[in-house]
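Residue numbers (our numbering), protein chains in the order written: chain A, 61 to 326; chain B, 1082 to 1280.
For reference, the structure is listed below as structure tokens.
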Amino acid sequence: MEISLLLEAVYQKYGYDFRQYSEAHIRRRIMNRMVMSGLENVSQLQAKVLSDEAFASKLLQDLSITVTEMFRDPSFYRSLKENVIPILKTYPFIKIWHAGCATGEEAYSMAILMQEEGLYERTTIYATDFNQQALNKAKEGIFSNGMIKEYTTNYQLSGGKESFSSYYTSNYDNVIMNQSLKKNIVWANHNLVTDSVFAEAHLILCRNVLIYFDKNLQNKVQKLFYNSLINGGILCLGSKESLRFTDLYDEYTDVDNKQRIFKKKY
Amino acid sequence: MNYEAIVIGVSSGGMNAMKILFSALPADFNIPITIVQHISPRSDNQWIKLLNDKSNLHIKEADEKEKIEPGNIYISPPNYHLMIERDKTFSLTIDERVNFARPSIDVLFESAAEAYNNNLIGVVLTGSNNDGTKGIKRIKECGGLAIIQNPETAESSYMPASAIAAIKPDYILSLEDITELLIKIDKQNNNPYELNNQK
Ligand SMILES: C[S@@+](CC[C@H](N)C(=O)[O-])C[C@H]1O[C@@H](n2cnc3c(N)ncnc32)[C@H](O)[C@@H]1O
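Structure follows, in structure tokens:
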């Protein structure tokens, strides 16, 4: 109850709409922030959010979970190559939309894949998120060295053709992604809940974002994707996300149901 | 008392523990069980199928937004946190690891405590870290029942011992006795599902 008042207030004051996010998720993040900031209850937190913009932006970071990986779920990327790339090859230019790209690892993975398939020159990757801080990091393309071993394994398991280290230069604790990968990525701030249709996309990937939304909001955002896809366009969801409970289930055919890859009917 | 759900946390030594527990529960066991087992992010769900073959109950991986139903045992998928919403459906997230774990037992337990209050049973079994301690504490605070495996009988004693150090458990028992206790509680439950079926 208190929490829904807080979310309402955040929406009214800052325009960020978390009112239809998973309640358990929101509650957990808010409780964590409360404890960390030494606040006693949600109304205290609400007062602070409304009077202190720096604190509000912290809370937005809390609610936007930017955990991501390069080539997360390698079998998904294998299926992309096998089942989706042949379709994309038939287009003279290719528009890809990564919705909820977080700090960009997924978009860079896609750029690598498209390069290896010889399609990158005619591809534009629109990578969007509502978290500007995450987008700024994505744009930089600098990632911690600590994760590279894991990413290299993912890349190899996904059927990568090169040596993964050829895609970045190392610099002390960090790796810097190659300029040639950034070339055709357009980073943009876009809120899936409050903003509108994005592009005439051939391929939309929205992975591990919808799990944070309740059923009604999932439905609403699915409509947005449907309207942003060309006929015959491809929709990819996270490995635990499904179309089954949405109104649009019948509007797609399975490309690879296990990897959550769907094709918009003509 | 009417118990609506059981949540179980288990880590190293968990495969054997689950085998013992689930092969002993009878087919008419009603209270839905949800489990976090620490597993590698890359593991497939083959082992769930094997467990399912050995059990009278239906054991499956918990799906996003799935409604929790009696007679089922739900297992957390690898590399996601599993939470229970107040409308008794599952949510998955890929938030940071908690206690070095994703799925984390604390995350499940804390959300379940909010969803079920005192109608919840929390069980901490074998394991070699302290995941589950904060969660079982929250379950107690919300009036739920806490059952901890006797560390002396656990393959890995650390996790149950850590839970016992943090709360006053209602029961500290061997796996076999935990099984018996759960069956007894399930029988005594004034069971809303049973009533529904008879309507
Ligand atoms: C867990 S990350 C997923 C990253 C990546 N797609 C992956 O699967 O690895 C979820 C992302 O969704 C973004 N997000 C959450 N709500 C959003 C919204 N309403 N509009 C746009 N992005 C949102 C968050 O900021 C976060 O970066």
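By construction, the Cβ of each residue, glycine as well, lies at the ideal position given by its N, Cα and C atoms.
* To do: Give the DSSP-derived three-state secondary structure of L241/A in the structure shown.
  => helix
* **K1146/B - containing beta strand (DSSP E), residue span** => First-last for K1146/B: undefined, no H or E at that position.
* Going by the beta-carbon positions, is the gap between L284/A and R320/A smaller than 8 Å? -> no
* Asked: For A84/A, which residues in chain B fall below 8 Å Cβ to Cβ?
  -> M1164, I1165, E1166, R1167, S1172, S1192, E1195 and A1196
* Asked: CB N1180/B to CB N1137/B, shorter than 8 Å?
  -> no
* For ligand 2, any of its heavy atoms closer than 7 Å to the Cβ of V246/A? -> No copy of ligand 2 occurs in the structure displayed; its ligands are ligand 1 alone.
* Asked: How would you call N1278/B, buried or exposed, if buried means at least 16 neighbouring beta carbons within 10 angstroms?
  -> Here the model assigns N1278/B a pLDDT of 47, short of 50, so the residue's position is not dependable and the matter cannot be decided.
* Asked: Is H85/A helix, strand or coil when you go by DSSP?
  -> helix
* Below 8 Å on the Cβ atoms is my guess for A1024/B versus V1088/B; work out the distance and round it to an integer in Å. => Residue 1024/B cannot be examined here, being either before or after the span of chain B that is shown, 1082 to 1280.
* Start and end residues, beta strand (DSSP E) containing L297/A -> L289 to L297
* Who are the neighbours of E1085/B on chain A, taking C-beta pairs under 9 Å? -> Result: empty, since nearest Cβ-Cβ is about 16 Å, beyond 9 Å.
* **Residues that DSSP places opposite T1170/B in a beta bridge** => K1148/B
* May I ask you to report which of helix, strand or coil DSSP gives Y232/A? => coil
* Asked: Taking Cβ-Cβ distances shorter than 8 Å, what residues in chain B pair up with E301/A?
  -> E1145
* **Spatial distance of E1145/B from H85/A (CA atoms)** => 13 Å
* Going by CA-CA distance only, name the one from L217/A, Q192/A and D233/A that's closest to N205/A. => D233/A
* Can you grab the Cα-Cα spacing for the pair V1205/B / I1165/B, in whole Å? => 17 Å
* Put S204/A into one of helix, strand or coil per three-state DSSP. => strand
* Asked: From N1199/B to T1170/B, what distance separates their C-alpha atoms?
  -> 18 Å
* To do: Rank I1266/B, F1103/B and F1190/B by C-alpha distance to the C-alpha of H1139/B and give the top, closest one.
  => F1103/B
* Nearest to I291/A by CA position, among E181/A, N92/A, G160/A and A261/A, is which residue? -> Position check: residue 291/A holds Asn in this sequence, whereas Ile was assumed. Closest by alpha carbon: A261/A.
* To do: Find the nearest neighbour of L1262/B within the set E1085/B, I1220/B and L1106/B, judged by alpha-carbon distance.
  => L1106/B
* Asked: Is N251/A near ligand 1, going by C-beta to nearest heavy atom under 7 Å?
  -> yes
* Cα-Cα separation between E176/A and C161/A, rounded to whole angstroms -> 21 Å
* To do: Have a look at L289/A, F115/A, S64/A and A194/A and flag the residue whose alpha-carbon is nearest the alpha-carbon of I264/A.
  => L289/A
* Asked: Does DSSP classify V1117/B as helix, strand or coil?
  -> strand
* To do: Answer yes or no: do T213/A and T163/A have a C-beta to C-beta separation smaller than 8 Å?
  => no
* Within the same chain, show all residues whose beta-carbon is closer than 7 Å to that of A248/A, passing over the 5 residues directly before and after it, in chain order. => Y186 and T188
* Asked: For V253/A and chain B, any beta-carbon pair shorter than 8 Å?
  -> no
* Rounded to a whole number of angstroms, what is the C-alpha to C-alpha distance between M1240/B and T1234/B? -> 12 Å
* Establish whether the CB of V95/A and some CB of chain B are separated by less than 8 Å. => no
* Report the partner residues of E322/A according to the DSSP bridge assignment. => This sequence places Phe at residue 322/A; Glu is not what is there. DSSP, once it has assigned bridges, lists L295/A and D314/A as partnering F322/A.
* K275/A, DSSP secondary structure in three states -> helix
* To do: Leaving aside the five residues before and after I236/A along the sequence, list all residues of the same chain whose C-beta is less than 7 Å from its C-beta, in chain order.
  => G201, I202, Y228 and T229
* To do: Return helix, strand or coil for V253/A, following the three-state DSSP convention.
  => coil
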